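Trainee: Take the sequence shown: its letter number 94 is residue 94 in this note's numbering, and every next letter is one higher.
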Amino acid sequence: MTGPTPKLYAGETLDTVSGFPTLYNFFPADASKPIVVFIPGAGHNARIAYGGHEGSSQKDFLAYWINGHGYGFLAVSYPLENTPAIMPAIAPQFRIRDWGKQAAEVTHHIIKQHNLSSRVVLLCWSMAGRIVVPYSIAAKSVGLHVDLFVSLAASPGMHGTRPPPPGITCSASGYAVYARMIELFLIQIHEQENNLNHGRTIIPDEVFKREYFGFTPVSLLGWNLGYDRATHGQKFSEDLFTSTKDAAVDQAENLPVIAALTGHSVLDARHLIMDQATWTFMLMQKFMRTIEISKGVHGLTQAQGTRLAKMAHSIPGRISMTIPGNHYFFIGECGARETAQAIIDSLEMAATLEHEFDTLLNS
Numbered sequence: 001m002t003g004p005t006p007k008l009y010a011g012e013t014l015d016t017v018s019g020f021p022t023l024y025n026f027f028p029a030d031a032s033k034p035i036v037v038f039i040p041g042a043g044h045n046a047r048i049a050y051g052g053h054e055g056s057s058q059k060d061f062l063a064y065w066i067n068g069h070g071y072g073f074l075a076v077s078y079p080l081e082n083t084p085a086i087m088p089a090i091a092p093q094f095r096i097r098d099w100g101k102q103a104a105e106v107t108h109h110i111i112k113q114h115n116l117s118s119r120v121v122l123l124c125w126s127m128a129g130r131i132v133v134p135y136s137i138a139a140k141s142v143g144l145h146v147d148l149f150v151s152l153a154a155s156p157g158m159h160g161t162r163p164p165p166p167g168i169t170c171s172a173s174g175y176a177v178y179a180r181m182i183e184l185f186l187i188q189i190h191e192q193e194n195n196l197n198h199g200r201t202i203i204p205d206e207v208f209k210r211e212y213f214g215f216t217p218v219s220l221l222g223w224n225l226g227y228d229r230a231t232h233g234q235k236f237s238e239d240l241f242t243s244t245k246d247a248a249v250d251q252a253e254n255l256p257v258i259a260a261l262t263g264h265s266v267l268d269a270r271h272l273i274m275d276q277a278t279w280t281f282m283l284m285q286k287f288m289r290t291i292e293i294s295k296g297v298h299g300l301t302q303a304q305g306t307r308l309a310k311m312a313h314s315i316p317g318r319i320s321m322t323i324p325g326n327h328y329f330f331i332g333e334c335g336a337r338e339t340a341q342a343i344i345d346s347l348e349m350a351a352t353l354e355h356e357f358d359t360l361l362n363s
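If you want it as structure tokens, here you go:
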């Protein structure tokens, strides 16, 4: 990296993993419990889960409350172009397959370094829902097991679910720029502060712009656009399939059990309305694939089929929870505390649901 040394928060590590820059921070707790791993969404580094800027309150962020339940917390940033620079802006070609591999390798490194349990709870916010399958596959390849995936208002990597917004341009380094993105983010942060944090600032606007926000590699965004090497990143090309292939949602057997957390605010209407149905569909794809692999297409008895269908119909209400807030429902003291509790509760739900499914399948 050229230029001034980047300003890092306490405990942060700036590194190159899997050939790409990353920023991560680990908050240790009980080494025998699963490690909770947070992956941020578009336009953000992972600081959104732990804070650390001057004047910040630990209680406004998720890491503090997860630690309070005795779980170690690892937050991993993908390559992001910030101003001023935090990570070197040298990875505009970064793809979803790279993202899953990088995040899993950082997790593996931390687990080995701190002699932790090999079990993982994966938290993905927003765009990061696209890496649940590639992360789980990469984690399994190094001996880790994802006990639970928690969607924090996240989207899976299904093709064509969201068209690109108008006005996408390239930064000088080839990252994706959407001019209104920061405005839309700040509107929601202000709502969290004013309505759910007693009017107390969580992240000052200028601090957010400098130390949390950045431009994203275009292939991660699910906008059917790809980095165009021929133009040296000064123009994006239409790419209808690469991100979908990388997200590998067709490999549903590699999904962990899923929990879906959303806010209640209409400012995040897409997730408020869709996420319960979306992630129920994904989880049922996993369960159905397991049935087909273990029993064959016609391997169930009528009684098994009836009981499994009854279980399946109960899943939407079991895996989903609504927390007061918007797309940032997990920041601010109340939101962070309630989200942490929901994650811990979801671990019990996941174990119960998996046991119930296995029992019904093999009875």
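Yeah, the Cβ is synthetic: ideal placement off N, Cα and C, and Gly gets one too. Just so it is clear, the structure is predicted and the values come from calculations on it, not from any experiment.
When DSSP builds the beta bridges, which residues end up paired with Tyr227?
Mentor: In the sequence shown, counting from the first residue as 1, residue 227 sits at position 227. Tyr227 pairs with Phe236.
Trainee: Is Ala153 near Thr290, with beta carbons less than 8 Å apart?
Mentor: Start at 1 with the first residue of the sequence shown, and residue 153 comes out as number 153. Start at 1 with the first residue of the sequence shown, and residue 290 comes out as number 290. Not a contact, by the Cβ cut-off of 8 Å.
Trainee: On a CA-only basis, which of Asp15, Glu253, Leu353, Val150 is nearest Val37? Give me that one, please.
Mentor: By 1-based counting over the sequence shown, the position of residue 37 is 37. Among Asp15, Glu253, Leu353, Val150, the Cα nearest to that of Val37 belongs to Val150.
Trainee: Ser136: buried (16+ other C-beta within 10 angstroms of its C-beta) or exposed?
Mentor: Reading the sequence shown from its first residue, position 136 is the one you call residue 136. Buried.
Trainee: Is it true that the CB of Ala104 sits closer than 8 Å to the CB of Ala63?
Mentor: Translated into the one-based positions of the sequence shown, residue 63 becomes position 63. Translated into the one-based positions of the sequence shown, residue 104 becomes position 104. For Ala63 and Ala104, no; Cβs fall outside 8 Å.
Trainee: Which of the three DSSP states, helix, strand or coil, is assigned to Gly263?
Mentor: Translated into positions along the sequence shown, residue 263 becomes position 263. Strand at Gly263.
Trainee: Name the one or two DSSP bridge partners that His145 has.
Mentor: Position 145 of the sequence shown, counted from the first residue, corresponds to residue 145. Paired residue(s): Arg119.
Trainee: Let me check understanding here. Comparing Cα to Cα, which of Ala46, Ala303, Gly317, Glu54 lies closest to Phe330?
Mentor: Residue 330 sits at position 330 when you count from the first residue of the sequence shown. The shortest Cα separation from Phe330 among Ala46, Ala303, Gly317, Glu54 belongs to Ala46.
Trainee: Determine the direct distance from the alpha carbon of Phe236 to that of Pro164, and round the result to whole angstroms.
Mentor: By one-based count along the sequence shown, residue 164 stands at place 164. By one-based count along the sequence shown, residue 236 stands at place 236. Distance between the alpha carbons of Pro164 and Phe236: 12 Å.
Trainee: Which residues bound the alpha helix (DSSP H) around Thr169?
Mentor: Residue numbering aside, residue 169 sits at position 169 when the sequence shown is read from its first letter. Per DSSP, Thr169 belongs to no alpha helix (DSSP H); it is in the beta strand (DSSP E), 168-170.
Trainee: By the three-class DSSP mapping on this structure, what secondary structure does Leu74 have?
Mentor: Here residue 74 refers to the residue found at position 74 when the sequence shown is read from its first residue. Leu74: strand per DSSP, three-state reduction.
Trainee: Rounding to the nearest angstrom, what Cα-Cα distance links Leu240 and Leu225 in this structure?
Mentor: Here residue 240 refers to the residue found at position 240 when the sequence shown is read from its first residue. Here residue 225 refers to the residue found at position 225 when the sequence shown is read from its first residue. The alpha-carbon atoms of Leu240 and Leu225 are separated by roughly 7 Å.
Trainee: Output the distance between the C-alpha atoms of Leu300 and Met282, rounded to the nearest integer angstrom.
Mentor: Here residue 300 refers to the residue found at position 300 when the sequence shown is read from its first residue. Here residue 282 refers to the residue found at position 282 when the sequence shown is read from its first residue. Taking the straight line joining both Cα atoms gives about 21 Å.
Trainee: Pick out the complete beta strand (DSSP E) segments inside the stretch 176-221, 3 residues or longer, and give them in chain order.
Mentor: With a minimum length of 3 residues, the continuous beta strand (DSSP E) runs that stay inside the stretch 176-221 are 176-178.
Trainee: In angstroms, rounded to a whole number, what distance separates the CA positions of Val207 and Ala269?
Mentor: Reading the sequence shown from its first residue, position 207 is the one you call residue 207. Reading the sequence shown from its first residue, position 269 is the one you call residue 269. Straight-line Cα distance between these residues: approximately 27 Å.
Trainee: Give me whichever residues DSSP pairs with Thr22 in a beta bridge.
Mentor: Along the sequence shown, one-based indexing puts residue 22 at 22. Asp15.
Trainee: Assuming the contact rule is C-beta atoms closer than 8 Å, Ala252 and Gln285 should be a hit. Round their C-beta distance to whole Å, please.
Mentor: Residue numbering aside, residue 252 sits at position 252 when the sequence shown is read from its first letter. Residue numbering aside, residue 285 sits at position 285 when the sequence shown is read from its first letter. At roughly 4 Å, the Cβ-Cβ gap stays under 8 Å, so Ala252 and Gln285 are in contact.
Trainee: Check this for me: beta carbons of Ser219 and Arg95, under 8 Å apart or not?
Mentor: Numbered from its first residue, the sequence shown carries residue 219 at position 219. Numbered from its first residue, the sequence shown carries residue 95 at position 95. Against a cut-off of 8 Å, the Cβ pair of Arg95 and Ser219 comes out as a contact.
Trainee: How is the alpha helix (DSSP H) around Ile86 delimited, first residue to last?
Mentor: For the purposes of this step, residue 86 is taken as the residue at position 86 of the sequence shown. Run containing Ile86: none; DSSP gives neither H nor E here.
Trainee: Considering only the beta carbon of each residue, do Gly317 and His264 sit closer than 8 Å?
Mentor: What you label residue 317 is simply residue 317 of the sequence shown in a count that begins at 1. What you label residue 264 is simply residue 264 of the sequence shown in a count that begins at 1. No, the Cβ-Cβ distance between Gly317 and His264 is not below 8 Å.
Trainee: Since Thr301 is in the beta strand (DSSP E), which residue starts that stretch and which ends it?
Mentor: Counting from 1 along the sequence shown, the entry for residue 301 is found at position 301. No beta strand (DSSP E) holds Thr301; DSSP gives it neither H nor E.
Trainee: Does DSSP classify Thr2 as helix, strand or coil?
Mentor: Along the sequence shown, one-based indexing puts residue 2 at 2. Summary for Thr2: the model assigns pLDDT 47, below 50, so the residue's position carries little reliability; its value from the coordinates is reported in the next sentence. Three-state DSSP puts Thr2 in coil, outside helix and strand.
Trainee: Where does Lys32 land, buried or exposed, given buried means 16+ other C-beta within 10 angstroms?
Mentor: Translated into the one-based positions of the sequence shown, residue 32 becomes position 32. Looking at the sequence provided, one finds Ser at residue 32 rather than Lys. Per the 10 Å Cβ criterion, exposed.
Trainee: Return the first residue and the last residue of the beta strand (DSSP E) that Thr359 is part of.
Mentor: For this step, residue 359 is matched to residue 359 along the sequence shown. No beta strand (DSSP E) contains Thr359, which is instead part of the alpha helix (DSSP H) from 333-362.
Trainee: Considering only their Cβ atoms, is the gap separating Pro92 from Tyr175 smaller than 8 Å?
Mentor: For the purposes of this step, residue 175 is taken as the residue at position 175 of the sequence shown. For the purposes of this step, residue 92 is taken as the residue at position 92 of the sequence shown. Yes. Within cutoff.
Trainee: Under three-state DSSP, which class holds Val150?
Mentor: Indexing the sequence shown from 1 puts residue 150 at position 150. In the structure shown, Val150 sits in a strand (DSSP, three-state: E or B).
Trainee: What span of residues does the alpha helix (DSSP H) with Val106 cover, start to end?
Mentor: By 1-based counting over the sequence shown, the position of residue 106 is 106. Looking at the DSSP string, the run of the alpha helix (DSSP H) that includes Val106 is 96-114.
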